[in-house]
Amino acid sequence: MEVTSSLILIGAALLLISVFTSLVSLRFGTPLLLVFLAVGLLAGEDGPGGIVFNDAGAAFLIGNVALALILFESGFDTSFASYRLAAAPALTLATLGVFVTTGLIGVAAVYLLGIGWIPALLLGAVLSSTDAAAVFLLLRVGGITIRDRVRSTLEIESGSNDPMAIFMTIALVELAVGHLPGDAVGIGLRFVEHMGGGAALGVVGGGLIILVINRVRLDPGLYPVVSLALALFVFATTNVLGGSGFLAIYVAGLIAGNVRLRGGEVLRRFHSGLSWLGQIVMFVTMGLLATPSGFPAVAWQAVLLAVLLILVARPVAVWLCLAPFRFSAPEATFVAWVGLRGAVSILLALVPILYGLPEGQMLFNVAFITVLASLLVQGWTIGPVARWLGLVVPRRRGAVDRMQLELPGEIEQELVAYAVLDQSPVARGQRLPRWARPSLVIRDGQVVPFQRARQLQAGDRVYLFTDPRTVPLLDRLFAEPRDLDEDDRDFYGDLVLRPETTLGTLAELYGLPLLLKQADRHLADLFRQEFRDPEIGDRLHLGQVDLIAREVVNGAVTSIGLDLEPARANRHHVPLLPSPAELLRSLASLRSRISFRLWERRQRRPGAERR
Amino acid sequence: MIDLITPHSIIPNLRASSKKQALQELARRAAELLGQHERAIFDVLLERERLGTTGVGHGIAIPHGKLPNLDRVHGVFARLERPVDFDAIDDQPVDLIFLLLAPEQAGADHLKALARVSRLLRDASMCERLRGADSADAIYALLTHQETSNAA
Numbered sequence: 009m010e011v012t013s014s015l016i017l018i019g020a021a022l023l024l025i026s027v028f029t030s031l032v033s034l035r036f037g038t039p040l041l042l043v044f045l046a047v048g049l050l051a052g053e054d055g056p057g058g059i060v061f062n063d064a065g066a067a068f069l070i071g072n073v074a075l076a077l078i079l080f081e082s083g084f085d086t087s088f089a090s091y092r093l094a095a096a097p098a099l100t101l102a103t104l105g106v107f108v109t110t111g112l113i114g115v116a117a118v119y120l121l122g123i124g125w126i127p128a129l130l131l132g133a134v135l136s137s138t139d140a141a142a143v144f145l146l147l148r149v150g151g152i153t154i155r156d157r158v159r160s161t162l163e164i165e166s167g168s169n170d171p172m173a174i175f176m177t178i179a180l181v182e183l184a185v186g187h188l189p190g191d192a193v194g195i196g197l198r199f200v201e202h203m204g205g206g207a208a209l210g211v212v213g214g215g216l217i218i219l220v221i222n223r224v225r226l227d228p229g230l231y232p233v234v235s236l237a238l239a240l241f242v243f244a245t246t247n248v249l250g251g252s253g254f255l256a257i258y259v260a261g262l263i264a265g266n267v268r269l270r271g272g273e274v275l276r277r278f279h280s281g282l283s284w285l286g287q288i289v290m291f292v293t294m295g296l297l298a299t300p301s302g303f304p305a306v307a308w309q310a311v312l313l314a315v316l317l318i319l320v321a322r323p324v325a326v327w328l329c330l331a332p333f334r335f336s337a338p339e340a341t342f343v344a345w346v347g348l349r350g351a352v353s354i355l356l357a358l359v360p361i362l363y364g365l366p367e368g369q370m371l372f373n374v375a376f377i378t379v380l381a382s383l384l385v386q387g388w389t390i391g392p393v394a395r396w397l398g399l400v401v402p403r404r405r406g407a408v409d410r411m412q413l414e415l416p417g418e419i420e421q422e423l424v425a426y427a428v429l430d431q432s433p434v435a436r437g438q439r440l441p442r443w444a445r446p447s448l449v450i451r452d453g454q455v456v457p458f459q460r461a462r463q464l465q466a467g468d469r470v471y472l473f474t475d476p477r478t479v480p481l482l483d484r485l486f487a488e489p490r491d492l493d494e495d496d497r498d499f500y501g502d503l504v505l506r507p508e509t510t511l512g513t514l515a516e517l518y519g520l521p522l523l524l525k526q527a528d529r530h531l532a533d534l535f536r537q538e539f540r541d542p543e544i545g546d547r548l549h550l551g552q553v554d555l556i557a558r559e560v561v562n563g564a565v566t567s568i569g570l571d572l573e574p575a576r577a578n579r580h581h582v583p584l585l586p587s588p589a590e591l592l593r594s595l596a597s598l599r600s601r602i603s604f605r606l607w608e609r610r611q612r613r614p615g616a617e618r619r
Numbered sequence: 008m009i010d011l012i013t014p015h016s017i018i019p020n021l022r023a024s025s026k027k028q029a030l031q032e033l034a035r036r037a038a039e040l041l042g043q044h045e046r047a048i049f050d051v052l053l054e055r056e057r058l059g060t061t062g063v064g065h066g067i068a069i070p071h072g073k074l075p076n077l078d079r080v081h082g083v084f085a086r087l088e089r090p091v092d093f094d095a096i097d098d099q100p101v102d103l104i105f106l107l108l109a110p111e112q113a114g115a116d117h118l119k120a121l122a123r124v125s126r127l128l129r130d131a132s133m134c135e136r137l138r139g140a141d142s143a144d145a146i147y148a149l150l151t152h153q154e155t156s157n158a159a
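Same order as they appear, the protein sequences are chains X and D.
For what it's worth, this note's numbering labels the leading residue of the first sequence as 9, then goes sequentially.
For what it's worth, this note's numbering labels the leading residue of the second sequence as 8, then goes sequentially.
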């Protein structure tokens, strides 16, 4: 009894410490996950906590469950819309990218650590996947808005590359201990079985979750429990059947999360809470398990490896994978920079130890230091790097104070509550559209029917019933005004145009080139034609000006910016990761410059002789 | 700016109580300067505002349009005595207005002039000095000085 209680006490205390230090860390912008890891390290055997925890098996089990929960939630939270935007580049990164990173890290490890090829590639595989928890957290909690396409690519990549890295790690370990004959066809078949099985069972599992939640009448409190149990059931069944359980649970989450579920909001909160718990538990456990006194032996090699990973392996992989897609140089550079490694790498580093590989402990230490370095360097700098690369979407509106409540039954309506903020359009007399169905106002603690409330005042809270799709339109009316700054003009252009302006009018007014058959086209159509799914910040080149999507509501551009001097927006003369076309162009110009110099020198030579 | 404005095309303290009135006053002054119909100018400006506001934020507006029978791009600068609501993109009232009128066949010149004015008025310290200047000549000097120092 005594032992049980003290175990629970230790666990609860570590959780509490982690949660509360996270409050402090937000102030300083420290990556949260680093804090959790530090809590584990400090509590562990070499820290003041002095807890001796050396059970790699238990840590692996805990980590597996935690990772499964995190992946379920990241699938649950990813909309099909982001998939439509970014599936191709993200999945290329998650497959080919993982291969390339593994190979490059493997080569480096052979020379740096003086180990054989298989353990070196094993280390590469362990370090090859970006961490879903870290990427999600840093992109969302970081408080910066990055263009959808880039963010979705990073999020989908980080959620879907873990299964790949896990497969490669396990295959390489089995190769190392001789369980797996080094037969390419055999490995290939197993790969197909593993991934195909995982994806297929994930789809089935997702369907099962939807079916159970929407069809079976249970006590409302049980739905989150059922969803959790089903998710883990899908995960474990797939693993037992020889598929990738992690891929299955991610796919199941993705499918279930994109369907209207009974009590969807409650489920979302529940799983987001579980995902937090998973992250804390995973990082603290990994921190506890590590033995920092073993670090100095491999410290400089590991740090060098981290540098190579960040500056060479990841950028090369990203460059190769993104080459066929339309990513600008700053965007590709940012994707390369957000190659955060996290707890998954540490978790995978346990596999060699569990299989009893002689290099196991050393590989674990190297992986741990590399992850630490990645979290420190990349995690801490995501915001500044995004700003430096000009990828932060400036918020055009100020804050909105909004609450949404899903209504029971099958109707497509929500109860939305807005606080009326000082200086927002509604507070300054703007009328609410009729479709918003405002029903009541809470003013000074009193409930007032909307008709009797007359003009809305700052401090009121308005309740309205509306289609959830109209919420972005309402946000505009309830948002505080916000000062423009210089970056906004760079991002959104000098002037604004209405979406229904025709191309003909614009071309005539500003003397722009025009195809006659396009003269009657609306500018908004032009965006739809060019981007299919336009997002804020998309630019169309039109003669010497750029048109910019300033506002997008439900896939339609509703406000357009006109940039009179588009060259100004390209302030970044540091195309760290130029696209192949750009690279060719600059190589060509370099060649012509060099040949010009040579020609110049040749011209000068006879002159010098004459003198 | 030297080729866009003259000392006569500066209005240091325009009185207007609305966007419409401000545009009307500007059209009147431009009509006098260019010998054109006031109504025609006003209509052209309104037409442009219908495509989207020219209030670019920070109290600045750059209304513009095309007119037949102009020899080149002309500008009129006005400082309002009291800022007016201009439906600007940041919802802030406007007190500095740079009107641009381009000939029908201006082509790229129109855009170039617009870009120059927009760039000039992006400069926050320039706008502060324009707001603080005490006479039409001082404003003219500010607007044109920038240009000459850029050229140098």
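Where a beta carbon is used, it is the ideal one built from N, C-alpha and C, also for glycine.
Report buried or exposed for residue i, applying the criterion of at least 16 other Cβ atoms within 10 angstroms of its Cβ.
i, result
"X/Lys525", "exposed"
"X/Val470", "buried"
"X/Ile16", "exposed"
"D/Leu137", "buried"
"X/Pro304", "exposed"
"X/Tyr119", "exposed"
"X/Gly186", "exposed"
"D/Arg36", "buried"
"D/Ala34", "buried"
Spell out whether any CB of chain D is found under 9 Å from the CB atom of residue i.
i, result
"X/Pro433", "yes"
"X/Ile78", "no"
"X/Val401", "no"
"X/Gln552", "yes"
"X/Val504", "yes"
"X/Glu516", "yes"
"X/Thr509", "yes"
With a threshold of 9 Å between beta carbons, is residue i in contact with chain X?
i, result
"D/Lys26", "no"
"D/His117", "yes"
"D/Ser125", "yes"
"D/Ala34", "no"
"D/Val63", "yes"
"D/Ala122", "yes"
"D/Leu58", "yes"
"D/Ala113", "yes"
"D/Asp98", "yes"
"D/Ile146", "no"
Reducing DSSP to helix, strand and coil, say where residue i ends up.
i, result
"D/Asn20", "strand"
"X/Ile354", "helix"
"D/Ser142", "coil"
"X/Ala435", "coil"
"X/Asp139", "coil"
"X/Ala331", "coil"
"X/Val60", "coil"
"X/Pro392", "helix"
If you check the beta carbons only, do residue i and residue j fall under 9 Å apart?
i, j, result
"X/Gly261", "X/Glu53", "no"
"X/Val73", "X/Val343", "no"
"X/Ala340", "X/Ile354", "no"
"D/Ile12", "D/Leu150", "yes"
"D/Ile104", "D/Leu53", "no"
"X/Ile544", "X/Leu147", "no"
"X/Arg92", "X/Val401", "no"
"X/Ala557", "X/Phe535", "yes"
"D/Val51", "D/Gly82", "no"
"D/Asp141", "D/Pro110", "no"
"X/Leu209", "X/Val220", "no"
"X/Leu555", "X/Asp571", "yes"
Please compile the residues from chain C whose C-beta is within a distance smaller than 8 Å of the C-beta of residue i.
i, result
"X/Arg547", "In the displayed structure, chain C is absent; the protein chains listed are X and D."
Tell me whether the stretch 527-534 of chain X and the stretch 594-611 of chain X touch, counting them as touching only if at least three CB pairs, one residue from each stretch, are closer than 8 Å.
Between the stretch 527-534 of chain X and the stretch 594-611 of chain X there are fewer than three inter-stretch CB-CB distances shorter than 8 Å, so the stretches are not counted as touching.
Do the stretch 375-384 of chain X and the stretch 305-312 of chain X meet, that is, are 3 or more Cβ pairs less than 8 Å apart?
Enough Cβ pairs lie closer than 8 Å, so yes.
Does the stretch 243-261 of chain X touch the stretch 284-302 of chain X, meaning 3 or more C-beta pairs lie closer than 8 Å?
No, the stretch 284-302 of chain X does not touch the stretch 243-261 of chain X.
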